[in-house]
Each structure stands twice: as C-alpha cells, then as structure tokens.
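All remarks here apply to the structure that follows.
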Amino acid sequence: MRCFEPKGFQVALACTTIFVALTVSRPANGDDATPCSIVPERLQEVVRTRGLSPRRDVPCAVEAKAQVEQFLKGTVARKLPLQKLEHEEAVYRAVGVVPDDYDYPEGLLALYLSQIGGYYDPDAKRFIMADWMPAFVQGVIARHELTHALQDQHYDLSSFIDPKMENGDELLAHTSLIEGDATAVMLDIERGIKGIPPLRSEEHTSELQSH
C-alpha cells in the first residue's frame, strides 16, 4: 500500500486484510493487454523475483467503482472492529488531523476509493483490477497484488493480518512487512526492465560508502 494522508485511514484499511495497489502517475512498461489476460505473465515475473512458487491459480476479475466500493464497505464492516474505528476517529479529532464536522468513516472510504487501482482479496483468493485503470499501470498493479497472492498461499495473510489483534503495534508491523515485500518485488521488476540492479544491490553500495 502506498502511503497517503490521513495516515490513520491507511492503518485502518490495512487492518481489514484488504491488500491494494494505488494508482501511479507514470507508465511502467507499456502494458496494452486487458487486465486479466496479463496475469499469467505478471505472475511469472513475481515468482522469479520473489522466489515463491504458486500453489494454485489466482483468479482475476475486473470490477467497476460501485463494486469496489461495496467490497470496501463490506470488508470494513465485517473485519474492522467498530471500537477501533471509533477510537481512531476520536484520537485524530483530538490532535486536529480531521475537523469536528468531518464524517470520518464515509470520508475516508471515499478518499480510499479515489486512490485504489486494484486489490487482492484473501478470503475469495482472487485479484481484482479496477476497470478505470489505464493499460500502462495495470502491470504495476498486478505485480504488487500477485505478490500478495503468493504471500497468502504460503503464509495465510488472513491470520497474519488479523484486525482483531490486540497489539496494534504488532498488527502495524505485520502490515508493513507484507506491503513492503510487495512493493519491493514491484520495484525490482521495474528496475530489471530498465536494466537497473535490484534493491538489495544498494545495500552493498551503502556499506561500501560507509567505510
């Protein structure tokens, strides 16, 4: 998940075990195929980069904004404890992040919907592409979300990211781990296309520069 403000909503939605890719502002590699037809090739890219073998197919569907909105609302209602959302709203109002007249749940869902490009649903075990995404970003979104699909097949994301976990720091750490992993895979594939060494090579460069 790419970060955007207000950060409280990023945490809240991540905790519902929705794994999303947000839109990007530049072309990746010129994908022109339809969203679901690119999945097999993109999945193989992820497999080679991440090193996790697929244990089953990853179904793909394309959804309109109304369908995505319905999914987001339903998932939050089912998986995000109301007390957590109310507590978060109270905290952010107290520190001035949101004004007193702001409809926190509805406003944040609207903001999230305006940014989403696609998502992986660990309950249905499928990848969804938003139908309003232009072709040039579909490949980037697919790589990110298919990484989540492989994570789920190997590590059971619904258990790893459980919104009912009492330790909020632990939940945030788990969420950051799976999102960072997917983002690193996405970036490494893009870097490879452009002939740039993978991210791990920069660690060695930094070590050399520090001596």
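Counting in this note's numbering, the sequence shown runs from 15 upward without gaps.
Where a beta carbon is used, it is the ideal one built from N, C-alpha and C, also for glycine.
- Please look up how many angstroms separate the CB atoms of Val82 and Leu127, rounded, as I've assumed it's under 8 Å. 7 Å
- Excluding five sequence neighbours on each side, which residues of the same chain lie with their C-beta closer than 8 Å to the C-beta of Leu201? Leu213
- Item | Beta-carbon proximity list for Ala7, same chain, < 8 Å, skipping 5 on both sides | Within the shown structure, residues of the chain are numbered from 15 to 225, placing residue 7 beyond reach of any answer.
- Using the C-alpha atoms, what's the distance from Ile207 back to Ala42? Low confidence applies here, because Ala42 scores a pLDDT of 43, under 50, leaving its location unreliable; read the following figure in that light. Cα to Cα, the separation comes out at about 9 Å.
- Item | Cα-Cα separation, Thr63 to Asp170 | 20 Å
- Task: Indicate whether Arg56 and Leu160 have their beta-carbon atoms separated by less than 8 Å.
- Result: yes
- Query: Taking only runs of the alpha helix (DSSP H) that begin and end inside the stretch 56-123, which ones reach a length of at least 4 residues, in chain order?
  - Reply: 79-93, 96-108
- Query: Taking the C-alpha atoms as reference points, what is the distance between Asp145 and Thr197?
  - Reply: 22 Å
- Touching or not, the stretch 130-137 and the stretch 110-119, by the rule of three or more beta carbon pairs under 8 Å? no
- Under three-state DSSP, which class holds Gly131? strand
- Message: Check this for me: beta carbons of Arg157 and Val199, under 8 Å apart or not?
- Response: yes
- Cβ atoms of Asp137 and Ser172: under 8 Å apart, would you say? yes
- For Asp46, does the count of other Cβ atoms within 10 angstroms reach 16, so buried, or fall short, so exposed? Caution applies to Asp46, whose pLDDT of 49 falls short of 50 and renders its modelled position unreliable; the value that the coordinates give is listed next. So Asp46 ends up on the exposed side.
- Task: Work out the CA separation of Leu86 and Ser51 for me, nearest whole Å.
- Result: 24 Å
- Endpoints, the beta strand (DSSP E) within which Ala144 is located: 140-144
- Task: Verify whether the separation of the beta carbon atoms of Asp117 and Gln165 is less than 8 Å.
- Result: no
- Simplified DSSP state of Glu193, which is helix, strand or coil: helix
- Task: Select from Met179, Glu180, Ile175 the residue whose C-alpha is nearest the C-alpha of Leu191.
- Result: Ile175
- Over the uninterrupted alpha helix (DSSP H) stretch that includes Thr161, give me the two end residues. 149-169
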